[in-house]
Amino acid sequence: MAPISINKDTKRSANLRVLQRIDADIIDITASATHVVLYEFNVSSQAWEKRNCEGSLFVAKRSKLPYFKIVIMNRTSKENLEVPLSSTFQMQVREPYLIFRLEKGNNGGSNETVQKIRGIWFHSGKEREEICNVLDQIVKKLSSGDINENDSATTGEIDTIDRVQSMCKSEATASLLSALRIDESTNNDHTNDSNKQGDEDTQLLQNIELDKKSLQLSLMSLLQDDRFLDLIHAQYIKVVRARKGNTK
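In our numbering, the protein residues as written are 35 to 282.
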C-alpha cells in the first residue's frame, strides 16, 4: 500500500489550527522547522543542559502584541515553549545551536531579571539557517519601526504592511503615484503610445489602497530614493499645470 502523502498547504493549515488552539491570536505561520531540541546553558557548570522540550518549531505571526513569537510544540510534555519577539531579541548561531537570551523575572517578586541563555538544536542545519534569517528580518523590522510595538494593529494592517515592505521601490512608487494621475485630456504631454505598457504594468498596483500607516512606511522608505523624488516632483508639476489650464 502506497504511503499517504500530505501536501504542504494541507500540513500548514493543520499546523496553524493546532497553534491557534494554543494562542487564538495567531494568524499565520511565517516559518517552521521539523524537529528541534531545547537546551539551556548552566553558568555554574559552564555546560549545555537538555531541557524537557522538543518537537516542531514555528515562527508565528499574531494579530496583537507581540506580533511575532517562537513556538515549540513540545512532544515530551504539555508545556510548550513560547518566546515573544521584540526589537531587543538577541540571538546568534554557534554550532550546533541557535542561541538566544530569555529574560525571566525572579520568583521572589523582585524587579530584577535573570537572563537565561538557551540554545535550540536543529535536526536540519538548513532549517536552522532559514529560521535564523527569518528571525533576523523580523527583529530588524521591529527595530526600524516598520511595526510599532506600542501600537495595536488589525490583521489587515499587518498584512498590508508586509505587502508594502515586500514591494520593490519602483512598485511602491507606481502605487503611490497612481493616486495623483490626472485625466489624459488635460495633459498635452501625455501620449497613449509611450505610457500604454506602463499602465498595464501598474494596473494591479493602482488597485492597492494604502492605509495611513502603510502610506507612512512607504514614504519613509521612498524619500531616500532620488528617483522617487524626481518622479513625485514631475507628477506634482503636471497636476499644478493642469489645474492652471482648467482655470483659464
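Where is the CB? At the ideal position from N, CA and C, for every residue including glycine.
For Y101, name the three-state secondary structure that DSSP assigns.
Coil at Y101, not helix or strand.
Express the C-alpha separation of N280 and G22 in angstroms, rounding to a whole number.
Since the first and last residues shown for the chain are 35 and 282, residue 22 lies out of range.
Taking just the CA atoms, how far does V105 sit from L119?
Taking the straight line from one Cα to the other gives about 11 Å.
Between K175, F156, R135, E163, which has its C-alpha nearest K150's C-alpha?
Of K175, F156, R135, E163, the smallest CA-CA separation from K150 is found for R135.
Cα separation between D43 and Q80?
Roughly 43 Å separates the two Cα atoms.
Is the distance from the Cβ of E74 to the Cβ of G159 below 9 Å?
One thing to note: E74 has its Cβ no nearer than 9 Å to the Cβ of G159.
For E129 versus C87, is the C-beta spacing smaller than 9 Å?
Contact: no.
Leaving out five residues on either side along the sequence, give the residues of the same chain with a beta carbon under 8 Å from the beta carbon of S47.
Excluding the 5 residues flanking it on each side, S47 has no same chain C-beta neighbour closer than 8 Å.
Helix, strand or coil: which one does DSSP assign to I172?
Helix at I172.
According to the Cβ coordinates, are V93 and T68 closer than 9 Å?
Cβ atoms of V93 and T68: not closer than 9 Å.
On the DSSP letters alone, give me the boundaries of the alpha helix (DSSP H) that G179 sits inside.
Per DSSP, G179 lies in no alpha helix (DSSP H) and is assigned neither H nor E.
DSSP state of K95, grouped into three classes?
Here K95 sits in strand by DSSP.
Give the DSSP-derived three-state secondary structure of S66 in the structure shown.
Look at S66 here: in three-state DSSP terms it is strand.
Compute the beta-carbon to beta-carbon distance between I329 and K175, rounded to the nearest angstrom, for a pair I have assumed lies under 8 Å.
This structure cannot settle anything about residue 329, because the visible part of the chain is limited to 35 through 282.
Buried or exposed: Q54, going by 16 or more other Cβ atoms within 10 Å of its Cβ?
Exposed, since its Cβ has fewer than 16 Cβ neighbours within 10 Å.
Who pairs with N76 in a beta bridge, going by DSSP?
As computed with DSSP, N76 is found in a beta bridge with A81.
When we look at the beta-carbon of Y270 and count the other beta-carbons within 10 Å, is it buried (16 or more) or exposed?
Counting C-beta atoms within 10 angstroms of its own C-beta, Y270 has fewer than 16 neighbours from the protein chains shown and is therefore classed as exposed.
Measure how close the beta-carbons of K117 and L91 come, nearest whole angstrom, since I'm counting them as under 8 Å.
Per the sequence shown, the amino acid found at residue 117 is Val instead of Lys. V117 to L91, Cβ: 10 Å. No contact.
Collapsed DSSP secondary structure at N86 in the structure displayed
Residue state, collapsed to three classes: strand.
Exposure of Q66, with buried meaning 16 or more beta-carbon neighbours within 10 Å:
Checking the sequence, you will find Ser at residue 66 rather than Gln. It counts as buried.
Pairwise C-alpha distance: I60 and L99
Roughly 10 Å between the two C-alpha positions.
Quick check on the DSSP output: the alpha helix (DSSP H) that includes L119 runs from which residue to which?
Run containing L119: none; DSSP gives neither H nor E here.
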